[in-house]
Amino acid sequence: MTTMDVAQAVMIALVVGGSVAVVVLAGVVLVRSRRAETARLFGRVVHRPRLWASAAVCCGLAGLLFEAQALMPRSWQESAHNLLGVLMLAFFVLFFAHLLSQWSAQRRQHR
Numbered sequence: 000m001t002t003m004d005v006a007q008a009v010m011i012a013l014v015v016g017g018s019v020a021v022v023v024l025a026g027v028v029l030v031r032s033r034r035a036e037t038a039r040l041f042g043r044v045v046h047r048p049r050l051w052a053s054a055a056v057c058c059g060l061a062g063l064l065f066e067a068q069a070l071m072p073r074s075w076q077e078s079a080h081n082l083l084g085v086l087m088l089a090f091f092v093l094f095f096a097h098l099l100s101q102w103s104a105q106r107r108q109h110r
């Protein structure tokens with residue numbers, strides 16, 4: 000194994016591990032905020048936690064799909080590439096909406 004192969008294997012492990020961790024964290028946030036408007040995440044209050052969790056799931060699934068593309072048959076790769084684009088677009092839209100709602104909730108609290 001060359002140094003480049005080891006570096007590539009480490010990067011794949013980091014992306015897959017991070018993606019799984021984000022999806023699990025989103026699940027934890029969903030469970031902890033079943034009927035509440037807020038949840039605590041690393042000691043900070045998260046307003047609309049379901050919105051944050053859905054953005055996190057999109058990001059995590061996009062990371063997993065990105066790494067799985069190399070293992071897919073060639074006929075599936077174009078569809079996977081399109082799905083990856085949709086997941087990333089959904090992540091950006093949902094995360095931007097979460098940031099806006101978080102910002103407006105914090106502004107309401109400081110009034």
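In numbering that gives the first Met the number 0, the protein residues as written are 0 to 110.
Glycine included, every Cβ here is placed at the ideal spot set by N, Cα and C.
Between which residues of its own chain and residue i is the CB-CB distance below 7 angstroms, once the five residues before and five after are set aside?
i   : result
A96 : L50
V56 : V22, A25
Going by DSSP, what residues sit across from residue i in a beta bridge?
i   : result
T37 : H46
Less than 6 angstroms between C-beta atoms, sequence neighbours within five positions excluded: which residues of the same chain meet that for residue i?
i   : result
R47 : S100
S32 : A38, P48
F90 : A54, C57, C58
CA-CA distance, residue i and residue j?
i    : j   : result
L93  : S53 : 7 angstroms
A8   : A69 : 13 angstroms
M10  : E36 : 36 angstroms
T1   : A79 : 29 angstroms
L86  : L98 : 18 angstroms
Q105 : M3  : 46 angstroms
E66  : V45 : 29 angstroms
L29  : W75 : 32 angstroms
Would the beta-carbon of residue i be found less than 8 angstroms away from any heavy atom of the ligand FAD?
i    : result
S103 : As presented, the structure is devoid of all ligands, the ligand FAD included, so that no description of it is given.
Three or more beta-carbon pairs under 8 angstroms between the segment 31-41 and the segment 60-67, yes or no?
no
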